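Chemist:
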Amino acid sequence: MAREIPRLRRYALALINDPEQADDLVQDCLERAIRKRHQWRRHGSIRSWLYRILYSVFVNQSARRNRDRRTLTLEQSPALPSAPAAQEHRLACHDIAEAMARLPAEQRAALALTAIEGLAYDEAAGVLGIPIGTLRSRLARARDTLRTLHEPLPQSAVLRRVK
21 MAREIPRLRR
31 YALALINDPE
41 QADDLVQDCL
51 ERAIRKRHQW
61 RRHGSIRSWL
71 YRILYSVFVN
81 QSARRNRDRR
91 TLTLEQSPAL
101 PSAPAAQEHR
111 LACHDIAEAM
121 ARLPAEQRAA
131 LALTAIEGLA
141 YDEAAGVLGI
151 PIGTLRSRLA
161 RARDTLRTLH
171 EPLPQSAVLR
181 RVK
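Here my numbering is used: the first residue of the sequence shown is 21, the next is one more, and so on.
(1) Restricting to Cα atoms, I'd like to know which of 58, 123 and 48 is closest to residue 167.
(2) Can the beta-carbon of residue 146 be found less than 8 Å from the beta-carbon of residue 68?
(3) Against chain B, with Cβ distances strictly below 8 Å, would residue 76 count as a contact?
(4) If I follow the unbroken alpha helix (DSSP H) through residue 146, where does it start and stop?
(5) Taking only three categories from DSSP, how would you classify residue 90?
(6) Secondary structure at residue 68, three-state DSSP: helix, strand or coil?
(7) Would you mind giving the Cβ-Cβ distance between residue 158 and residue 126, rounded to the nearest angstrom? I have them listed as a contact below 8 Å.
(8) Give the straight-line distance between the Cα atoms of residue 74 and residue 43, rounded to the nearest whole angstrom.
(9) Can you round the beta-carbon distance between residue 29 and residue 46 to whole angstroms, since I take them to be within the 8 Å contact cut?
(10) Does DSSP put residue 39 in a helix, in a strand, or in coil?
(11) By DSSP, does residue 153 sit in helix, in strand, or in coil?
(12) What does the alpha-carbon distance come out to for the pair residue 41 and residue 34?
(13) Measure how close the beta-carbons of residue 141 and residue 131 come, nearest whole angstrom, since I'm counting them as under 8 Å.
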């Protein structure tokens, strides 16, 4: 199980995009896996089993958070940090992570398992407990949404410096 921790953390980061919460999610996943280790089928992939547990914990925590969530006003929202122009690559990565965070949880999970973790479609569908056709639909919608969010703005919408 310990060998899978870096992969679990990467998947958790793709789902949550907050390192502290991702670490908590991985810890909760591993605690549940240890508690329910008798349910793992030895002939199955432990990685898929752990991904499934992590996703289940994520869904449960998200539902709980949504019930408890208070609406933040604009003044209470944290401002995004600014970065110098030399950090274009870092900003691009940040933009992609931010765009992924805007996807619905189901689409984000499907995309993270296939694009980031490299799982085959049938294995990712098994982790999420959905038919492979549903996985493909979620991936297509996620990619379309990301493409739309990442398209350059029309020239008329680009801000220009005025002296």
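Glycine is no exception: its CB is placed at the ideal position from the N, C-alpha and C atoms.
All values reported here derive from a predicted model rather than from experimental measurement.
Modeler: Here's the rundown:
(1) Counting from 1 along the sequence shown, the entry for residue 167 is found at position 147. Comparing Cα-Cα distances from residue 167 to each of 58, 123 and 48, the minimum goes to 123.
(2) Taking the first residue of the sequence shown as 1, we reach residue 146 at position 126. Taking the first residue of the sequence shown as 1, we reach residue 68 at position 48. In contact: residue 146 and residue 68 (Cβ atoms closer than 8 Å).
(3) Among the chains of the structure shown, chain B does not appear; only one protein chain is present.
(4) By one-based count along the sequence shown, residue 146 stands at place 126. Looking at the DSSP string, the run of the alpha helix (DSSP H) that includes residue 146 is 141-148.
(5) For the purposes of this step, residue 90 is taken as the residue at position 70 of the sequence shown. Summary for residue 90: the model assigns pLDDT 48, below 50, so the residue's position carries little reliability; its value from the coordinates is reported in the next sentence. Three-state DSSP puts residue 90 in coil, outside helix and strand.
(6) Along the sequence shown, read from residue 1 onward, the residue named residue 68 stands at position 48. DSSP places residue 68 in helix when its eight states are reduced to three.
(7) Here the question's residue 158 lines up with position 138 in the sequence shown. Here the question's residue 126 lines up with position 106 in the sequence shown. About 6 Å separates the two Cβ atoms, so the contact holds.
(8) Counted from its first residue, the sequence shown places residue 74 at position 54. Counted from its first residue, the sequence shown places residue 43 at position 23. Distance between the alpha carbons of residue 74 and residue 43: 11 Å.
(9) Sequence index remark: in the sequence shown, residue 29 carries index 9 (1-based). Sequence index remark: in the sequence shown, residue 46 carries index 26 (1-based). Right, the Cβ-Cβ distance comes to about 5 Å (below 8 Å), so this counts as a contact.
(10) Within the sequence shown, residue 39 is the residue found at index 19, counting from 1. Residue 39: helix per DSSP, three-state reduction.
(11) As a first step, residue 153 is located in the sequence shown; it is residue number 133 there, counting from the start. Helix, per DSSP.
(12) Indexing the sequence shown from 1 puts residue 41 at position 21. Indexing the sequence shown from 1 puts residue 34 at position 14. Those two C-alpha atoms are separated by around 11 Å.
(13) For the purposes of this step, residue 141 is taken as residue 121 along the sequence shown, with counting starting at 1. For the purposes of this step, residue 131 is taken as residue 111 along the sequence shown, with counting starting at 1. The pair is not a contact, with the Cβ atoms about 12 Å apart (cut-off 8 Å).
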